[in-house]
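The next block holds one structure in the form of structure tokens; read it before the comments.
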Amino acid sequence: MGETVPSVAAQAALAGIAVIRESGEEISSALIGGTGLEVVVPGGTRLYLGTPDAGLVPRVHTAVSILKDLRSRGLGVVYIDVRLPGQPVIKPR
């Protein structure tokens, strides 16, 4: 039979997940739903990353940067939402 080739969205999502792992972050879970890619990191923080498209990787970099900055200051968050480029939303714990 042929070779299974993931959809473009799945390939973009995997690229986004790879960026998170390359940054040294662990991933508890990841899913693609109606609002796009959602990743949960240890501690329960949710990263709402949006549509798995060409803009996903820059949004992932933004979310990881925000997460690392907040952690370095001892701040916990429920979620970081970077679905709208240039307008991250953070919900503190």
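Just so it is clear: in the sequence shown, position 8 is 12 by the numbering used here, and no numbers are missing.
Every residue, glycine too, gets a C-beta built ideally from N, C-alpha and C.
In its own chain, which residues sit with a C-beta less than 6 Å from the C-beta of residue i, not counting the 5 before and 5 after it?
{"i": "Leu51", "result": "Val43, Ala67, Ile84"}
{"i": "Thr49", "result": "Val81"}
Is any heavy atom of the ligand GTP found at a distance shorter than 7 Å from the C-beta of residue i?
{"i": "Thr39", "result": "Annotation note on the ligand GTP: not contained in the displayed structure, which lists no ligands."}
Tell me which same chain residues have a C-beta within less than 7 Å of the C-beta of residue i, skipping the five on either side of it?
{"i": "Ile24", "result": "Ile31, Val43, Val64, Val68"}
{"i": "Ser27", "result": "Val68"}
Can you look up residue i in the DSSP assignment and give me helix, strand or coil?
{"i": "Pro96", "result": "strand"}
{"i": "Val86", "result": "coil"}
Note down, in chain order, each residue of its chain lying with its Cβ closer than 8 Å to the Cβ of residue i, except the 5 sequence neighbours on either side.
{"i": "Ile70", "result": "Ile84, Val86, Pro92, Ile94"}
{"i": "Ala14", "result": "Ile36, Pro56"}
{"i": "Ala19", "result": "Leu60, Val61"}
{"i": "Ser2", "result": "Nothing about residue 2 can be read from this structure; the chain reaches only from 5 to 97."}
Whole-angstrom Cβ separation of residue i and residue j, contact assumed at under 8 Å?
{"i": "Leu41", "j": "Ala22", "result": "That belief does not hold up - the Cβ atoms of Leu41 and Ala22 are roughly 12 Å apart, past 8 Å."}
Next item on the list: Could you pull out every unbroken beta strand (DSSP E) segment of at least 3 residues lying fully inside the stretch 26-60, listed in chain order?
Entry: 33-37, 40-44, 50-54
Worksheet item: Any chance the stretch 18-38 sits against the stretch 73-90, with 3 or more Cβ pairs inside 8 Å?
Response: no
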